[in-house]
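Working notes for the structure below.
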Amino acid sequence: MKTLLVDDHELFRCGLSMLLGERFPEAVLREAVDLEAAQACLQAEPDIELVLLGWNPQDGGEVEAVGQLKALLPQRFIVVVSGDQRPGTIVSCIHEGAAGFICKTSSPEVVTHALQVVLGGGLYLPSPADPVRGPDDDDEADHAVARRVIADLDLSPRQVDVLRLLAQGSTNKVIGRELDLAESTVKTHVLGLFRKLQVTTRTEAVLAAAKLGLRFGRDEAA
């Protein structure tokens, strides 16, 4: 798996390289310090499969960068690694073609899991439990939004659990095993989520939830 790391901080690229080398030993790594260098690298090596797009929240521009990189070769997986975890930023990146969004302060276990979800064809969004530290942080406000959305949509606790696992790319079979439910029961919950979110696919359900302010991923404690 050939992977491109894009970030202007050498220390961050070094740390991520070490993590990938440990958790994904088959990975062949390339690095770029900015969007221009990343575009040149992708054009020179079209067999790159995964792009990890790091960004500083003060820099901005990650949304536009996702779209430009995705346009070069649409089949690539692009995962944004950012300190800006505002729902609007996350949803915009996903709409531009990102397959995942990871907070820069996530643990190695969360990063590993997120990449496994993406490489398996799933969509990864951060959990409200993921630690985010910055001037725009307001954890209580995030949880208040989540409670309001869940109440407005009349989501049951079990439907919230199912939605969280959908965001991790889990199949109905996996969800059933995780929640100790029959596959038919999981399907019923999924269809109920589709109806309440007014969507027709699993990806649309996760995107709709994210747009409303819900963020689901693997629990940080996992």
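Residue -14 is where the sequence shown starts when you use this note's numbering, and the numbers rise one by one after that. We treat Cβ as the ideally placed atom computed from N, Cα and C, and that holds for glycine.
Asked                                                                                                                                                                  : Found
Consult DSSP for serine 155 and reduce its assignment to one of helix, strand or coil.                                                                                 : coil
Could you tell me the alpha carbon to alpha carbon distance between valine 117 and glycine 68, rounded to whole angstroms?                                             : With a pLDDT of 37 at valine 117, under the threshold of 50, the modelled position of that residue is not reliable, and the figure given next carries that caveat. Roughly 7 Å separates the two Cα atoms.
Tell me which residues share the same chain as lysine 172 and place their Cβ nearer than 7 Å to its Cβ, disregarding the 5 neighbours each side in the sequence.       : Asn157
Checking 8 Å against the spacing of the C-beta atoms, do valine 103 and valine 64 come in under that value?                                                            : yes
According to DSSP, which residues form a beta bridge with isoleucine 63?                                                                                               : Val36
Which term fits alanine 25, buried or exposed, when burial requires 16 or more other beta carbons within 10 angstroms of its beta carbon?                              : exposed
Report, in whole angstroms, the separation of the C-beta atoms of lysine 196 and leucine 138, which I expect to be a contact under 8 Å.                                : The pair is not a contact, with the Cβ atoms about 12 Å apart (cut-off 8 Å).
Tell me the rounded alpha-carbon separation between serine 97 and leucine 192.                                                                                         : Here residue 97 is threonine; the residue named in the question, serine, does not match the sequence. Their backbone Cα atoms lie some 22 Å apart in a straight line.
In the DSSP assignment, what are the bridge partners of alanine 22?                                                                                                    : None, per the DSSP bridge assignment.
Per the DSSP calculation, alanine 17 is bridged to which residue(s)?                                                                                                   : Val(-9)
By how many angstroms is the C-alpha of threonine -12 removed from the C-alpha of leucine 110?                                                                         : 20 Å
State the Cα-Cα distance for the pair arginine 15 and glycine 106, rounded to the nearest angstrom.                                                                    : 22 Å
Would you kindly report the start and end of the unbroken beta strand (DSSP E) that includes glycine 85?                                                               : 85 to 88
Could you tell me the distance, in whole angstroms, from the CA atom of alanine 167 to the CA atom of glycine 161?                                                     : 6 Å
Select from Leu35, Glu81, Arg(-2), Val159 the residue whose C-alpha is nearest the C-alpha of aspartate 19.                                                            : Arg(-2)
Since I believe valine 51 is in contact with glycine 73 (beta carbons under 8 Å), could you give me their beta-carbon distance rounded to a whole number of angstroms? : At roughly 14 Å, the Cβ-Cβ gap does not stay under 8 Å, so glycine 73 and valine 51 are not in contact.
Any chance you could list the alpha helix (DSSP H) runs of at least 4 consecutive residues sitting entirely within the segment 157 to 197, in chain order?             : 157 to 164, 168 to 182, 187 to 197
By how many angstroms is the C-alpha of glutamine 53 removed from the C-alpha of alanine 29?                                                                           : 16 Å
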